[in-house]
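Novice: Structure provided below as structure tokens; questions to follow.
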Amino acid sequence: MKSTQFRLDELARHVNGQVIGHSDLSISALASLAAADAQSISFVSHEKHLADAQQSHAAALIVTEQLRLRLPQQQNFIVVENPYLAFALLSHVFEHKVLARGIEATAQIAESAIIAEDAYIGHYVVIGEHCVIGSNTIIQAHSTISDGTEIGRDCFIAHHVAFDCAVKVGDRVRIHSNTVIGGEGFGFAPYQAKWHRIAQLGSVRIGHDVRIGSNCSIDRGALDDTILENGVIIDNLVQIAHNVVIGENTAIAAKCGIAGSTKIGKNCILAGGVGVVGHIEIADNVQLTGMSMITKNILQAGTYSSGTSFLETGQWKRAAIRFKQLADVPLTKIVKQLDHMQAQIESLETILKLRK
Amino acid sequence: MKSTQFRLDELARHVNGQVIGHSDLSISALASLAAADAQSISFVSHEKHLADAQQSHAAALIVTEQLRLRLPQQQNFIVVENPYLAFALLSHVFEHKVLARGIEATAQIAESAIIAEDAYIGHYVVIGEHCVIGSNTIIQAHSTISDGTEIGRDCFIAHHVAFDCAVKVGDRVRIHSNTVIGGEGFGFAPYQAKWHRIAQLGSVRIGHDVRIGSNCSIDRGALDDTILENGVIIDNLVQIAHNVVIGENTAIAAKCGIAGSTKIGKNCILAGGVGVVGHIEIADNVQLTGMSMITKNILQAGTYSSGTSFLETGQWKRAAIRFKQLADVPLTKIVKQLDHMQAQIESLETILKLRK
Amino acid sequence: MKSTQFRLDELARHVNGQVIGHSDLSISALASLAAADAQSISFVSHEKHLADAQQSHAAALIVTEQLRLRLPQQQNFIVVENPYLAFALLSHVFEHKVLARGIEATAQIAESAIIAEDAYIGHYVVIGEHCVIGSNTIIQAHSTISDGTEIGRDCFIAHHVAFDCAVKVGDRVRIHSNTVIGGEGFGFAPYQAKWHRIAQLGSVRIGHDVRIGSNCSIDRGALDDTILENGVIIDNLVQIAHNVVIGENTAIAAKCGIAGSTKIGKNCILAGGVGVVGHIEIADNVQLTGMSMITKNILQAGTYSSGTSFLETGQWKRAAIRFKQLADVPLTKIVKQLDHMQAQIESLETILKLRK
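Chains as they are written, first to last, in the working numbering: chain A, 4 to 359; chain B, 4 to 359; chain C, 4 to 359.
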């Protein structure tokens, strides 16, 4: 596939940066320091990367003014305040975007659906009755969109995505392949030793600028809706159960699971593999480290963890046996007993000294 | 989408309940106490919801007789013994069901496949040779069904479901979107530092009234079959490895993983994120709390857990370091030593007292 | 479906084994010891299965010479050095393979794509521009293959697989249903309290003889590629984040997650549910037990673990409370204090003895 050429000053304008060196340098790729060649631009976001930067074959580097002064052998720079942000912005310039527009002949669109003229609907997409697809939205091959779903403008829906009920999706939302939105929540009433299914009647509401990775399951609510507020970003293989609410700009890394009716605040960060039990509340600005198991409300901003550090397995087995023993070892009592015994010993010592 | 109207006494008959108030009240929705409006019916399953019930705008409430007496301001009720079960039953009345029947023109059905006349086969469904699809079964768009698969009556198969071998499925089974049934088990023989694939020849047998969520992987057996017995319910993103057997009415919440050849009993409940090692046995009526790691047989009914509680990260780090230290701290010996020292001290005290 | 018949000596040749008994015995299935009938061959890989072997109705058994001598009641054998490997090899003989070749009429193939004549492209497969599909490669129904993807020869791509960027795949690679290869990595630059998406420009490179299960997410790199080296085997529901590198012949069981830029060595084994943090390195020949949480480099071959053993929940709660208390219990100091107090007591005892 052909790649486009950019002048260094064009790219600098894009990130509000200042060119040092040859403004008319021709750049055709954004690359890591190690992989960059004489047509590539790369970036240095931290002084720990200075050694790699000195050895990089990149034609130009995005740096701070301070970092530039420490790279005397390099010649071409875009100087910015935040190189990592500049990299993020430039990544969009070099991205291969889906340019096709219109509806592929093989797509099945219900008559009552309203599709923006400049949307793209891929091969074999199935769109149900009364759906609305906004301007400049891309829906890739094989996605299935149930009756009544409304998707905003400038969205990107990848392959094999299933909207399984009448979902409402905001603008600039990105949903990756094989994710299921609005699947049936796991609701059953136990009665006479059997599970009686509760038909799920709620939906899913997704705000603006939400991002959902691949192979996620975002269930529809039982009665009310499951809600992802504006700016929420979610990685792959994440489970969001029925009636969960995720607050604005919260980030959820891969393999997390949030059980039913739990409410997570704004600007939280859940690292990979975190599990959160149902029917609890997590405050704003909470960070949960990887694989934490959260079983109670967290009402105070801060960072929380669970689990144990990893150990060589032989050592771990000894520690794990002691963990079991802890059930019957009264630790705090031991500490108190120790203090008490220490006092007794000292008292004995004093008595003996006096009687010398 | 239009909604249907029901009279309050119609709904009451549906749940074997008694109307208190206006029998001819017109109801068009089942809603939560908070979201209910003057056309909605809601339910109160526990006295902790009484405050919400008092403030609800619901036209009518499903309650027990005891709860009704504590809601003097509300006027219309359906009185039942088990309001939560009544809610479960009514949810089906208000559900938007797939009403279409027949085979979409874009479906690819092998000649030898037998499809019941009143089944529904959605767009782009692919059905292989010798498959059988039972009466009133719905197969939504894009599902793929391999040769020899037999699906019973009144089943619901959502979008993008893959049956990857000749699977046998009972009646009233529900399988949600993007789930894979009968994928290849993870079987390899190590030999001369390489992994030699074992072709998987078993299948998957799914009983009646089984429910499987979205994005699950239920692998086919190596030689014998993987088995889900009648009434098993499984949430999203669950892994069931080859030759696992899950007993009747066992419930498995999201993100659990059961490794190969493990046998889980009847009426068990696995909370979210539980991992069960391969080749073990779990008795009937076992409950495993969230994210438990089960590494050995459980032969006794009861509730089991593993992991640690979550803590503020600073505190957790101190505890986690101590967990490591436990490997070299002989806890039970310490307890004995303490007792022994206590005895020694007391003996010293006695001696001193005697010599006073 | 009809099954093929094999003579016992044919099967023996296939595994370099020696027939004991009737060479012309007709075998139509490979089965477990318990399920085998008079048309089946089964295998005994360990003396712990001898009792089952004695009771098996199998027509013939694959055994070592030593095991054969302990099965006097059985009459027909294939004797080999490694019965489990022989079983692995024979499993391929009895597998129902996809025999169809060519391109289904409903597949959408871009004009610039190059498809080997003896490949099979299933119904509704979508193949983009400049893709290459090698000889004897099977692509099952509904898979979607983005522009520029190259897949080698003798590969098997199951249903609903999404290649979401220009992925490079070696020979003899197997990828199971509903897996996503080359989905967008989870890369965001935080700036002014919002997440700014980093378009992912790298790809995924998959070596020869790689196996990936169902419902996996293998993300494309941010700038450089995500890499699975030759012989890597991956089970279901696994997350491989952007820029991860997995070394040759490493095995990753179901539900593992590897965070971004982590490099895992050769011949490692990750048991189910392991989580590995980003930007670390794991040496060759490392084994991680189930559900381990790996947060730091592992530079030494060996076996590592984390977590706690499971306990009956009441006992676990007591142990878990003590784990919390450990944060404030100076274990190593206690051990020292105990030793010190013991010395003090003994000194007191000596003094008293002297003064007797």
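Positions of the beta carbon are idealized from the N, C-alpha and C atoms, including for glycine.
How close, in whole Å, do the beta carbons of Ile81(A) and Ala15(A) come, if the pair is a contact with beta carbons under 8 Å?
Specialist: Going by Cβ atoms, the distance from Ile81(A) to Ala15(A) rounds to 5 Å, so yes, they are a contact pair.
Novice: Indicate whether at least one CB of chain C lies closer than 9 Å to the CB of Lys258(A).
Specialist: So yes, Lys258(A) belongs to the interface.
Novice: To the nearest angstrom, how far is it from the Cα of Gly151(A) to the Cα of Glu132(A)?
Specialist: For Gly151(A) and Glu132(A), the distance between alpha carbons rounds to 6 Å.
Novice: Check each candidate in Asn246(B), Ala257(B), Leu226(B) and Asp228(B) and name the one with the smallest Cα separation from Ile236(B).
Specialist: Nearest of Asn246(B), Ala257(B), Leu226(B) and Asp228(B) to Ile236(B), Cα basis: Ala257(B).
Novice: By DSSP, does Arg223(C) sit in helix, in strand, or in coil?
Specialist: Reduced to three states, the DSSP call for Arg223(C) is coil.
Novice: Can you check DSSP and say which residues form a bridge with Lys51(C)?
Specialist: According to DSSP, Lys51(C) bridges with nothing at all.
Novice: Using a C-beta cutoff of 9 Å, does Arg321(A) count as contacting chain B?
Specialist: Answer yes: the Cβ-Cβ gap between Arg321(A) and chain B drops below 9 Å somewhere.
Novice: Output yes if chain B places a C-beta closer than 9 Å to the C-beta of Lys197(A); else output no.
Specialist: By this cut-off, Lys197(A) is an interface position.
Novice: Taking the CB atoms as reference points, tell me whether Ser312(A) and Met296(C) lie closer together than 9 Å.
Specialist: Yes; because the gap between Cβ atoms is below 9 Å, this pair is in contact.
Novice: Which complete alpha helix (DSSP H) runs does the region 313 to 348 of chain B hold, if anything under 4 residues is left out?
Specialist: 316 to 329, all fully within the region 313 to 348 of chain B.
Novice: Exposed or buried, what is Ala196(C) when buried is set at 16 or more other beta-carbons lying within 10 Å of its beta-carbon?
Specialist: When all chains shown are included, Ala196(C) counts as exposed.
Novice: If you drop the 5 nearest sequence neighbours on each side, which residues of the same chain put their C-beta closer than 6 Å to that of Val248(C)?
Specialist: Correct list, in chain order: Ile230 and Lys266.
Novice: Using a threshold of 9 Å, state whether the C-beta atoms of Val329(A) and Leu329(C) are closer than that.
Specialist: According to the sequence as given, residue 329(A) is Leu; it is not Val. Closer than 9 Å, so yes.
Novice: Are any of the Cβ atoms in chain A nearer than 9 Å to that of Lys299(C)?
Specialist: Yes, Lys299(C) counts as interfacial toward chain A.
Novice: Just grab the DSSP bridge partners of Met296(B) for me.
Specialist: Answer by DSSP bridge pairing, in chain order: Gly278(B).
Novice: Could you name the residues that DSSP lists as bridge partners for Gln290(A)?
Specialist: Per DSSP, Ile272(A) and Thr306(A).
Novice: In chain order, what residues of the same chain have a beta carbon less than 6 Å from the beta carbon of Gln8(B), not counting five sequence neighbours either side?
Specialist: Taken in chain order, the residues that qualify are Ser29 and Ser31.
Novice: Using DSSP bridges, identify the partner residues of Leu93(B).
Specialist: DSSP, once it has assigned bridges, lists no residue as partnering Leu93(B).
Novice: For Gln21(C), list the residues DSSP reports as bridge partners.
Specialist: Gln21(C) is bridged to Val82(C).
Novice: Could you list the residues in the region 175 to 197 of chain B with a C-beta less than 7 Å from some C-beta on chain C, going in chain order?
Specialist: Those would be Asn181, Val183, Gly186, Glu187, Phe189, Phe191, Ala192, Tyr194, Ala196 and Lys197, in chain order.
Novice: Can you tell me whether Ser350(C) is helix, strand or coil according to DSSP?
Specialist: Helix, per DSSP.
Novice: Taking DSSP as the reference, what is the three-state secondary structure of Gln77(B)?
Specialist: Note: Gln77(B) maps to coil in three-state DSSP.
Novice: For Ile261(B) versus Gln290(B), is the C-beta spacing smaller than 9 Å?
Specialist: No, these two residues do not count as a Cβ contact at 9 Å.
Novice: Taking DSSP as the reference, what is the three-state secondary structure of Tyr87(C)?
Specialist: DSSP places Tyr87(C) in helix when its eight states are reduced to three.
Novice: Taking C-beta pairs closer than 8 Å, name the residues in chain B that Leu314(A) reaches, listed in chain order.
Specialist: Within chain B, the residues near Leu314(A) are Lys327 and Ala330.
Novice: Please go through the same chain and pick out, in chain order, the residues whose beta-carbon is closer than 7 Å to the beta-carbon of Ile106(A), but skip the five residues on each side of it.
Specialist: Ile112, Ile118 and Ile124, listed in sequence order.
Novice: Going along the chain, which residues of the region 71 to 92 of chain A sit with their C-beta nearer than 8 Å to a C-beta in chain C?
Specialist: Taking 8 Å as the Cβ-Cβ cut-off against chain C, the residues of the region 71 to 92 of chain A that qualify are Asn85, Tyr87, Leu88, Phe90, Ala91 and Leu92.
Novice: Would Tyr307(B) pass as an interface residue toward chain A - the criterion being a Cβ-Cβ separation below 9 Å?
Specialist: Chain A contact via Cβ: absent.
Novice: Straight-line CA distance for Val170(C) to Asn246(C)?
Specialist: Between Val170(C) and Asn246(C), the C-alpha separation is close to 13 Å.
Novice: Classify Ala196(B) as helix, strand or coil using the three-state DSSP reduction.
Specialist: Note: Ala196(B) maps to coil in three-state DSSP.
Novice: I want to see whether chain C comes within less than 9 Å of Tyr127(A), judged by CB atoms only; does it?
Specialist: Interface residue, yes.
Novice: Under the three-state reduction of DSSP, which class applies to Ala32(A): helix, strand or coil?
Specialist: Here Ala32(A) sits in strand by DSSP.
Novice: So that I know if they touch, is there some Cβ in chain A lying closer than 9 Å to that of His282(C)?
Specialist: Not an interface residue.
Novice: Mind checking which residues open and close the beta strand (DSSP E) that includes Leu64(B)?
Specialist: It spans Ala63 to Val66 - the beta strand (DSSP E) in which Leu64(B) sits, taken as one unbroken run.
Novice: Suppose the cutoff is 7 Å on Cβ atoms and the five residues either side in sequence are ignored; what does the same chain contact list for Phe191(A) look like?
Specialist: Closer than 7 Å at Cβ, skipping near neighbours: Trp198, His199, Arg200 and Ile201.
Novice: So, is the C-beta of Asn19(B) closer than 9 Å to a C-beta in chain A?
Specialist: No, its Cβ sits nowhere closer than 9 Å to a Cβ of chain A.
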